[in-house]
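Using numbering that gives the first Met the number 0, read the sequence shown as starting at 0 and increasing by one per residue.
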Amino acid sequence: MPAFTFPDDFLWGAAASAYQTEGSNIHNDWHDAERKEQQKPPGKRRLAECCSDACDHWNRYEEDYDLALEMGIQMHRLSIEWSRIFPAENEVDRDAIAQYRAMMEALHSRGIKVMLCLHHFTIPRWVLAQGGFENRRLFMTHFERYLETIVPAVGDLVDYWLPINEPNVVPLAGFFGKLFPPFKANFLAFVKVYRTFFTMHARSYRVIKAHFPEAPVGVAFAFMHFQPYNPGNIMHRWGAAFANRAANLCFFEAVKTGRIGFPLGLGDTIPELRGAMDFVGLNYYTTLYMKGLRPVEKKPGDLVTDMGWILYPHGIYEILQYLGRSIDLPIIVTENGVATTDENFRIQYLEAHLRQVHRAIEEGVPVKGYMCWSLTDNFEWQHGYKMRFGLIHVDFATQQRTIKAGGRWYGGVIRENGFLMLDV
Ligand code: GCO
Numbered sequence: 000m001p002a003f004t005f006p007d008d009f010l011w012g013a014a015a016s017a018y019q020t021e022g023s024n025i026h027n028d029w030h031d032a033e034r035k036e037q038q039k040p041p042g043k044r045r046l047a048e049c050c051s052d053a054c055d056h057w058n059r060y061e062e063d064y065d066l067a068l069e070m071g072i073q074m075h076r077l078s079i080e081w082s083r084i085f086p087a088e089n090e091v092d093r094d095a096i097a098q099y100r101a102m103m104e105a106l107h108s109r110g111i112k113v114m115l116c117l118h119h120f121t122i123p124r125w126v127l128a129q130g131g132f133e134n135r136r137l138f139m140t141h142f143e144r145y146l147e148t149i150v151p152a153v154g155d156l157v158d159y160w161l162p163i164n165e166p167n168v169v170p171l172a173g174f175f176g177k178l179f180p181p182f183k184a185n186f187l188a189f190v191k192v193y194r195t196f197f198t199m200h201a202r203s204y205r206v207i208k209a210h211f212p213e214a215p216v217g218v219a220f221a222f223m224h225f226q227p228y229n230p231g232n233i234m235h236r237w238g239a240a241f242a243n244r245a246a247n248l249c250f251f252e253a254v255k256t257g258r259i260g261f262p263l264g265l266g267d268t269i270p271e272l273r274g275a276m277d278f279v280g281l282n283y284y285t286t287l288y289m290k291g292l293r294p295v296e297k298k299p300g301d302l303v304t305d306m307g308w309i310l311y312p313h314g315i316y317e318i319l320q321y322l323g324r325s326i327d328l329p330i331i332v333t334e335n336g337v338a339t340t341d342e343n344f345r346i347q348y349l350e351a352h353l354r355q356v357h358r359a360i361e362e363g364v365p366v367k368g369y370m371c372w373s374l375t376d377n378f379e380w381q382h383g384y385k386m387r388f389g390l391i392h393v394d395f396a397t398q399q400r401t402i403k404a405g406g407r408w409y410g411g412v413i414r415e416n417g418f419l420m421l422d423v
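Here it is, written out as structure tokens:
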């Protein structure tokens, strides 16, 4: 009956983002894209539904944080919605800043640490109108103004910073994979936008450090796990290796050296990127099989989640090993979780991944915490409300919250700082 016990100072948390939970965010690119998609017949829509009220977390955060406390959550990851702070180019909403302060104070008053993200996918409508991510120079002028406004205004309440969520995902999903607005499939646009994210990360790090030199600043990185569909096929192996370079390795190399390598650059530099990281935040969910440069959904016999994502816990171990070997920084798992309505499956999923995290720690990888995605059911981007990632169930008709069996199980893990496995 092996026990999986975690280090004494291990931090257990939950994660969420502003747009996916707050509701009434009406000044950004996603809001507009969703409305546009709704004008199409249901079969033709690329975004399932409108975010609208989401979980009404903006008004119900006290209740959500009470439930987080009931589960024993020690750190909560939230984000600030840029378009609330700057609904228009020359307008700063001080009430919104005050409300974010109140939210973070509400966490602290419950003894819950704050992990704050400053950019989680969305951009203000007026920034998009000026070229968005693709107009890097102008974009960075606006983003820097946002940083200089928000960082000093709330930074005293932040325990861990993750300025950018998944610098690789908007470039991949929005500019190469046609999954997110603006639904492009253009490798050059992907490279250009990814490089905007490099500079966003670097600038954020420097601005935060200028105001709060001691604050730990990381990144929430969707380190994608790629593998050849058929390991005997050289093109499949090449595809997996190329995708790993373009999506993952280039970013970490650039943070280490300041240089941007192939295929995102040719060795040119972003000097302020060098060393711009105090810890690595890892978001992990699944693996992707590659046939050349084409990802393939699954193999016969693979277990998948409601997202259609393959259950592959070993991937988190491999990535933690890689990060431990190649990057000399502490690591926090900043997202891991599952879209399902079957609570036994949720528990199995979390347990299987936590076993792999535990194994990496036993082997010396400095993993300092684990944040489950997500605190509550919420708006899952292109899929809308069908995908239920929450530890807490939300009835979207009544906004009634209920801790799920998976949430109670997770609470037990936090209480015990680990778990027993009866079946191994
Ligand atoms: C992401 C985001 C989250 C998602 C979660 C489940 O990884 O895309 O950080 O916003 O909701 O990962 O897909």
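Every residue, glycine too, gets a C-beta built ideally from N, C-alpha and C.
For residue i, three-class secondary structure by DSSP
i, result
"D394", "strand"
"A13", "strand"
"K367", "strand"
"L46", "coil"
"R400", "strand"
"L178", "coil"
"G22", "coil"
"F85", "coil"
"F220", "strand"
"P212", "coil"
"F189", "helix"
"G417", "strand"
"V423", "Reliability of the predicted coordinates at V423 is poor, the pLDDT of 44 falling under 50, and the value obtained from them is presented with this limitation in mind. V423 falls in the coil class under three-state DSSP."
"A239", "helix"
"F5", "coil"
"F197", "helix"
"P41", "helix"
"P166", "coil"
"G410", "helix"
C-alpha distance - residue i paired with residue j, whole-angstrom precision
i, j, result
"F3", "G417", "5 Å"
"G71", "E334", "17 Å"
"R109", "F250", "36 Å"
"Y18", "A53", "8 Å"
"Y369", "V332", "5 Å"
"V91", "L115", "20 Å"
"G274", "G257", "8 Å"
"V218", "L66", "27 Å"
"N89", "Y159", "29 Å"
"H382", "A338", "11 Å"
"H56", "F395", "12 Å"
Residue i and residue j closer than 9 Å at C-beta
i, j, result
"G131", "F120", "no"
"A15", "N377", "yes"
"L272", "A253", "yes"
"W81", "N164", "no"
"M223", "A240", "no"
"E133", "V192", "yes"
"W29", "A87", "no"
"C49", "R34", "yes"
"I318", "L281", "yes"
"M503", "L68", "Any property of residue 503 remains undetermined from this structure, which presents the chain solely from 0 to 423."
beta-carbon residue i near the ligand ADP non-hydrogen atom, thresh 8 Å
i, result
"Y159", "The model on display carries the ligand GCO but not the ligand ADP."
Can you give, in chain order, each stretch of the beta strand (DSSP E) that sits fully within the stretch 300-365 and has at least 3 residues? 330-334
Taking the runs of the beta strand (DSSP E) that are 3 residues or longer, which of them lie wholly in the stretch 49-81? 74-78
Any alpha helix (DSSP H) of 4 or more consecutive residues that is wholly inside the stretch 243-309: 249-256
For a minimum of 4 consecutive residues, which ranges assigned as the alpha helix (DSSP H) are wholly contained in the stretch 94-163? 124-128, 135-153
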